[in-house]
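Just below is one structure, and these are the notes that go with it.
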Amino acid sequence: MRQRHNVKQERAERREQKLVRKAHRQIEKDKAQEQKVTTLDTSTGAQGEYVPSLSVLFRILTIVRLSGALLSPIQDCDEVYNYLEPLHFLQFGEGKQTWEYAPEYALRSYGYLFLHKWAVQALHVVFGFRTKTQVFYALRIILGLASAGCEALMIRMVAEWVDRRIANYLAVGLFGMAGMFHSAVAMLPSSFSMCAGMVASAFAMVPPAADLGIHLRRRTVPAVLAFMVAAAVGWPYAALTALPFVAEELLIRAPGGSGSSSDGSKWRIQRALALVCVGSASGVVVIGWLAAVDSYYYGRPVFATWSQIAYNVLGRHGGTAALYGTEPWYFYLKNGLLNGNILMILALLVLPLWLSYYATLRVLLARSEPGAVRAVTRLLDAHWLLLFRMLPFHLVLVAFSLLPHKEERFLSIVYPHMCFCAAAALGLIRTLFVWAKAEFSGKRPLAKSRGLTGFAVFGVAACLGLLRMTALTKYYAAPVRAFMELAPADAQAGENLGPLPLGPTVKSLFGQHKRHQEPDPLQDRATTVCMGEDWYWFPSSYWLPRSHQLQFVTGLGHIGGHLPGDFIPVRQSSSTRASTSHPRTGFNSQNAWEPLHAIPLFPNANSTQSSCDYVVHIENEQDSFAQLVESIDGSNGRWTQMGECQAVLDASRSGVLARILYLPKRIAMLLEMAVPSQRQVWAHMCVFRQRDV
1 MRQRHNVKQE RAERREQKLV RKAHRQIEKD KAQEQKVTTL DTSTGAQGEY VPSLSVLFRI
61 LTIVRLSGAL LSPIQDCDEV YNYLEPLHFL QFGEGKQTWE YAPEYALRSY GYLFLHKWAV
121 QALHVVFGFR TKTQVFYALR IILGLASAGC EALMIRMVAE WVDRRIANYL AVGLFGMAGM
181 FHSAVAMLPS SFSMCAGMVA SAFAMVPPAA DLGIHLRRRT VPAVLAFMVA AAVGWPYAAL
241 TALPFVAEEL LIRAPGGSGS SSDGSKWRIQ RALALVCVGS ASGVVVIGWL AAVDSYYYGR
301 PVFATWSQIA YNVLGRHGGT AALYGTEPWY FYLKNGLLNG NILMILALLV LPLWLSYYAT
361 LRVLLARSEP GAVRAVTRLL DAHWLLLFRM LPFHLVLVAF SLLPHKEERF LSIVYPHMCF
421 CAAAALGLIR TLFVWAKAEF SGKRPLAKSR GLTGFAVFGV AACLGLLRMT ALTKYYAAPV
481 RAFMELAPAD AQAGENLGPL PLGPTVKSLF GQHKRHQEPD PLQDRATTVC MGEDWYWFPS
541 SYWLPRSHQL QFVTGLGHIG GHLPGDFIPV RQSSSTRAST SHPRTGFNSQ NAWEPLHAIP
601 LFPNANSTQS SCDYVVHIEN EQDSFAQLVE SIDGSNGRWT QMGECQAVLD ASRSGVLARI
661 LYLPKRIAML LEMAVPSQRQ VWAHMCVFRQ RDV
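So in UniProt numbering, spot 443 of the sequence shown is number 443, and the numbers just go up one at a time.
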């Protein structure tokens, strides 16, 4: 009996051992399947990757943005005449006025201008600016610092909630992108919306939370507020970038949400109500403040952002954006390649790569063992979230490409999203490559692959971006350098009069310095600086001495369209509001020529004295100032050139490669010898003065 009992016990032990071995084999099989799945996770090997802290990122980006503030030329005359000139008027009581600021049209917001005015005034309290060029650079430095902070926040949120390696790719892309170099320091609503959009997108990176309170605090409230600021204070069409966020809020459920049928749609209703409430509250605050400021300065109830939409979209005042030029549908593709080079190509590839990743996951899910289903499902959920974060760039690109009127600055609102899409594309390429290698070769991927190839790609993009940045600073900086010929007069005035009249300074508050109370030089006849067909090169009144003013002059080449007029000087109207709200003549919404906004070079045919004290003109092989003056009055002996003329690249007659990237002189000469059509053609911006001035 005892022997039989022992045999049964041995059999039971063998069965138990067999079951244990089978269980171990299943565990190993599940682990292998899990390992195969994890090769599809973009975060594989990146969770321990180093990402600079917020403060380190801000410091590095500050260096890049300060270089742009000091070196980047003004890219768009719209920045000068629609924003820098009105800001100059608010600060100094005079400046050029476009028709959009006429009270009968009221298309531009004074609230947007006042944010910049207050920021510069705060710096003036500390530093006590003495020249207007100092004010100009202070403004640009403020804009650069603001952009650096927004970029650093976006990078850190991507690192925390999306993928650390993608965050590092994004950082390198933002560092070296030529579009960010000039857009980050431009005083344009599109650049403002770009910065506010980065803040909104940073908080939109946070995945949905099951707890509504947590979801609102760390995602919905800050993102909606930032989107509202971007669209209302900045550029209204930036609201397009918020549509993927709204769709995600209403379509994507939090992973930890309740699964009961009774609670199936409750979360969606709660989020919809939250969006309405948060959007309404932020809209009341932001739009209410803007409407109050605009109504005060225009002298009637008005919300300038709505006036702009009504003109461009609804055709109010018989207007349409197409009056100011149209471009082919591929304009933004060319623009993206110019400002983003390789990043633009990767950003365009990211949606096909996303579909490839999605198809791979679906196939893997269909053949997964039970132990790997959860991992694949987790990857699918994260993959859908990634789609919503990539869509703003493609949505804006498609929507704006369908519009007839296109301008380079319009795409700048999604330059950071372009970088993010490019970074995500590299992450997907690497992930699919690693998975394919594991699938077909049977080799397990390295746990901590460095992804150096991706950084090499972004490094090449940064080098190309650096060549583009250098081209901008070398080829198109002539206006600032030419107008610096007039700067000594402003510097001398600063020494004599002390700090500019922008408000108190620390020194004046503590009695260490008192500004000289001398007569305002603008009370006498202002010195007139004239420009003809090159009027769009004017770098703003910040580069004119205090007693100088700009006038457009006929006779110096072809000049047409609706040129800006002048704000009524505050010294004539008694207050800023009196100038901005006074009904004006000579403005129209049809881009039609207004003769009141230009003066002749000579008052009449018999005059020996020009209307201009100084003339700024761009000379080339076919067009010289001396020839133009001689054709008007038969003599040019009354004019003398001030200083050296500043070289500026003639983009219309230079080759594509020769004008978009910086080429050292020897390389440019070799290129011209090899391909004559790629030569560089130069013009020169000169300042001329009447001899009897």
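Even for Gly, the Cβ is constructed at its ideal location relative to N, Cα and C.
Backbone CA spacing between residue i and residue j [nearest angstrom]
| i | j | result |
| --- | --- | --- |
| residue 719 | K132 | With the chain covering only 1 through 693, there is no way to say anything about residue 719. |
| V120 | V286 | 21 Å |
| L290 | A204 | 25 Å |
| M418 | S147 | 16 Å |
| D211 | S193 | 30 Å |
| S67 | T473 | 11 Å |
| S295 | V302 | 5 Å |
| A242 | F227 | 6 Å |
| Y476 | P73 | 7 Å |
| W384 | A372 | 19 Å |
| C530 | Y542 | 15 Å |
| V221 | P504 | 37 Å |
| S190 | F410 | 6 Å |
| L349 | Y332 | 16 Å |
| P535 | T305 | Note that residue 535 is Trp in the sequence shown, not Pro. Distance between the alpha carbons of W535 and T305 is about 27 Å. |
| S201 | L275 | 16 Å |
| S574 | G93 | 10 Å |
| H88 | G95 | 6 Å |
| Q35 | A436 | Low confidence applies here, because Q35 scores a pLDDT of 40, under 50, leaving its location unreliable; read the following figure in that light. Answer to the nearest angstrom: the Cα atoms are 13 Å apart. |
Exposure label - residue i; buried when at least 16 CB within 10 Å
| i | result |
| --- | --- |
| W118 | exposed |
| S652 | exposed |
| L250 | exposed |
| T453 | exposed |
| C463 | exposed |
| F181 | buried |
| T431 | buried |
| N604 | exposed |
| Q308 | buried |
| P244 | buried |
| G197 | buried |
| R217 | exposed |
| L170 | buried |
| Y50 | exposed |
| Y357 | buried |
| L670 | exposed |
| T39 | Its pLDDT being 38, under 50, T39 is placed unreliably by the model, and nothing is read from it. |
| R389 | buried |
Beta-carbon proximity of residue i to residue j, cut-off 8 Å
| i | j | result |
| --- | --- | --- |
| G465 | G213 | no |
| L550 | F538 | yes |
| A238 | I413 | yes |
| F458 | G173 | yes |
| L188 | R65 | no |
| C612 | T528 | yes |
| Q690 | S624 | no |
| P499 | E151 | no |
| V135 | F129 | yes |
| L601 | L556 | yes |
| A471 | Y662 | yes |
| L649 | Q627 | no |
| G279 | V224 | yes |
| Q622 | C686 | no |
| N591 | L323 | yes |
Member of the options whose CA lies at the smallest distance from the CA of residue i
| i | options | result |
| --- | --- | --- |
| G586 | T580, T576, H597, A578 | H597 |
| G336 | W235, S72, R468 | R468 |
| L563 | P569, T470, E533, I309 | E533 |
| E407 | A69, N620, C77, K474 | C77 |
| L426 | E439, I166, G95 | I166 |
| S565 | Y101, R65, V56, L87 | In the sequence on display, residue 565 carries Gly and not Ser. Minimum Cα distance to G565 is reached at Y101. |
| L70 | S574, A526, W435, V480 | V480 |
| E594 | N620, G560, R571, L403 | G560 |
| S540 | L657, Q572, Q646, V80 | V80 |
| F688 | P676, P664, C645 | C645 |
| A422 | L343, K266, T98, L115 | L343 |
| S109 | I618, G655, A292 | A292 |
| R584 | F92, A106, L57 | A106 |
| A456 | L54, N168, S53 | N168 |
Any non-hydrogen atom of the ligand FMN within 7 Å of residue i CB
| i | result |
| --- | --- |
| D534 | Looking for the ligand FMN in the displayed structure turns up nothing, as the structure carries no ligands at all. |
Touch test, the segment 151-166 against the segment 394-404, Cβ-Cβ under 8 Å, three pairs minimum
no
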